[in-house]
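Trainee: Got a structure here, written out as structure tokens. Questions coming.
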Amino acid sequence: MIELGHRTTGEPDGGPPVVLLHALGSSARTWADLAKRLPRHSVALDLRGHGTSPHTDDYTFTAMADDVLHFMDRHGHDTVDLVGHSLGGAVAMHVAMKAPDRVRLMVVEDIAPPPHERTEPIEVPAAPPEPVDFDWAVVHTVKHLVRTPDPTWWAGLPRIPADTLWLAGGQGSHVDQGRLREAAQLMPTATVVEIPVGHRIHSEAPDDFAAVVVPFLSRAAS
Numbered sequence: 001m002i003e004l005g006h007r008t009t010g011e012p013d014g015g016p017p018v019v020l021l022h023a024l025g026s027s028a029r030t031w032a033d034l035a036k037r038l039p040r041h042s043v044a045l046d047l048r049g050h051g052t053s054p055h056t057d058d059y060t061f062t063a064m065a066d067d068v069l070h071f072m073d074r075h076g077h078d079t080v081d082l083v084g085h086s087l088g089g090a091v092a093m094h095v096a097m098k099a100p101d102r103v104r105l106m107v108v109e110d111i112a113p114p115p116h117e118r119t120e121p122i123e124v125p126a127a128p129p130e131p132v133d134f135d136w137a138v139v140h141t142v143k144h145l146v147r148t149p150d151p152t153w154w155a156g157l158p159r160i161p162a163d164t165l166w167l168a169g170g171q172g173s174h175v176d177q178g179r180l181r182e183a184a185q186l187m188p189t190a191t192v193v194e195i196p197v198g199h200r201i202h203s204e205a206p207d208d209f210a211a212v213v214v215p216f217l218s219r220a221a222s
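Under this note's numbering, the first residue of the sequence shown carries the number 1, and numbering increases by one thereafter.
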């Protein structure tokens, strides 16, 4: 099991922390603005292959979810609240399916539920000549996973007890917004809020993002 790099904001207060999970090709740094706005202790993780975390030969959602659970165990977090963007949201969902009693609530930002039928593969470009802050092999794996049907994932949605806020990027996003809403409707307690600025909501509209997310997390913590 690998040890994930991470950034903490705020002092532990005895309650569950907010664990922040970034998108493909990003890192814990992307959550700096939101972390400062949260009235709670938060931990932003570098997923495997990103930022300060080790590179490996396994970049599946399952492996990344196991990393998060291992981090929780190592740091004594019995339960957490999860916030995930895109890839991070997919990882958060897998954590909630593997260990539903350890996730109190989730925020998933414009994630792409797996298709019901196999879609055409896309050609992943070669790694850019300039250095990047992540392992390019992650791109190959994730681009394949998000185009692969996963009936088990869909069957697991009704068994996630955590209150879940789904943020949708609207027509400007490359994510299938209809499939996103379909997935949310299968969960016991889920709400969809659209902020129509595209896929990177927390970066493109940080004030609007925080205006929805911070009260959601604060209300759940009370």
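Note that the Cβ used here is the ideal one computed from N, Cα and C, for glycine as well.
Computed from a prediction, not measured in an experiment: that's the story for all the values here.
#1: So what does DSSP say about serine 222, is it helix, strand or coil?
#2: If you reduce the DSSP assignment to three classes, tell me which class histidine 202 lands in.
#3: Take the Cβ of glycine 84 as the centre, count every other Cβ of all protein chains shown within 10 Å, and call the residue buried at 16 or more, exposed below.
#4: By how many angstroms is the C-alpha of serine 53 removed from the C-alpha of lysine 143?
#5: Using the rule of at least 16 other Cβ atoms within 10 Å of the residue's Cβ for burial, across every protein chain shown, is isoleucine 122 buried or exposed?
#6: Relative to the C-alpha of valine 103, which candidate in Pro113, Leu87 and Ala92 has its C-alpha closest?
#7: What number of angstroms, rounded off, separates the C-alpha of glycine 49 from the C-alpha of threonine 141?
#8: What's the C-alpha gap between proline 115 and leucine 186?
#9: Look at the alpha carbon of glutamate 3 and the alpha carbon of phenylalanine 71, and state the distance between them as a whole number of angstroms.
#10: Around the Cβ of glycine 14, are there at least 16 other Cβ atoms within 10 angstroms (buried) or fewer (exposed)?
#11: Please list, in chain order, all residues of the same chain as valine 132 whose beta carbon is under 6 Å from its beta carbon, the five residues on each side excluded.
#12: Going by beta carbon distance, what residues of the same chain come within less than 8 Å of proline 113, once the five residues before and after it are set aside?
#13: Indicate the three-state DSSP secondary structure (helix, strand or coil) for threonine 141 in the structure shown.
#14: Would you check if the distance between the CB atom of leucine 167 and the CB atom of valine 124 is smaller than 9 Å?
Mentor: To lay it out plainly:
#1: To locate residue 222, count along the sequence shown from 1; it is residue 222. Any reading at serine 222 needs caution, since the residue's pLDDT is 46, under 50, leaving its predicted position unreliable; the model's value is listed next. If DSSP states are grouped into helix, strand and coil, serine 222 belongs with coil.
#2: The residue given as residue 202 occupies position 202 in the sequence shown. Histidine 202: helix per DSSP, three-state reduction.
#3: Stepping through the sequence shown from its first residue, residue 84 is reached at position 84. Buried, since its Cβ has 16 or more Cβ neighbours within 10 Å.
#4: As a working mapping, residue 143 is identified with position 143 in the sequence shown. As a working mapping, residue 53 is identified with position 53 in the sequence shown. Answer to the nearest angstrom: the Cα atoms are 20 Å apart.
#5: Here residue 122 refers to the residue found at position 122 when the sequence shown is read from its first residue. That one is exposed.
#6: In the sequence shown, the residue the question calls residue 103 occupies position 103. Nearest C-alpha to valine 103: Ala92.
#7: Your numbering for residue 49 matches position 49 in the sequence shown. Your numbering for residue 141 matches position 141 in the sequence shown. Taking the straight line joining both Cα atoms gives about 11 Å.
#8: For this step, residue 115 is matched to residue 115 along the sequence shown. For this step, residue 186 is matched to residue 186 along the sequence shown. Approximately 15 Å, taken between the alpha carbons.
#9: Start at 1 with the first residue of the sequence shown, and residue 3 comes out as number 3. Start at 1 with the first residue of the sequence shown, and residue 71 comes out as number 71. Cα-Cα distance, rounded: 7 Å.
#10: Your numbering for residue 14 matches position 14 in the sequence shown. It counts as exposed.
#11: Taking the first residue of the sequence shown as 1, we reach residue 132 at position 132. Once the five neighbours on either side are set aside, valine 132 has no close Cβ partner at all.
#12: Along the sequence shown, read from residue 1 onward, the residue named residue 113 stands at position 113. Taken in chain order, the residues that qualify are Trp153, Trp154, Asp176, Arg179, Leu180, Glu182 and Ala183.
#13: Within the sequence shown, residue 141 is the residue found at index 141, counting from 1. In the structure shown, threonine 141 sits in a helix (DSSP, three-state: H, G or I).
#14: Taking the sequence shown and counting its residues from 1, the one referred to as residue 167 is at position 167. Taking the sequence shown and counting its residues from 1, the one referred to as residue 124 is at position 124. Result no, Cβ atoms of leucine 167 and valine 124 do not sit closer than 9 Å.
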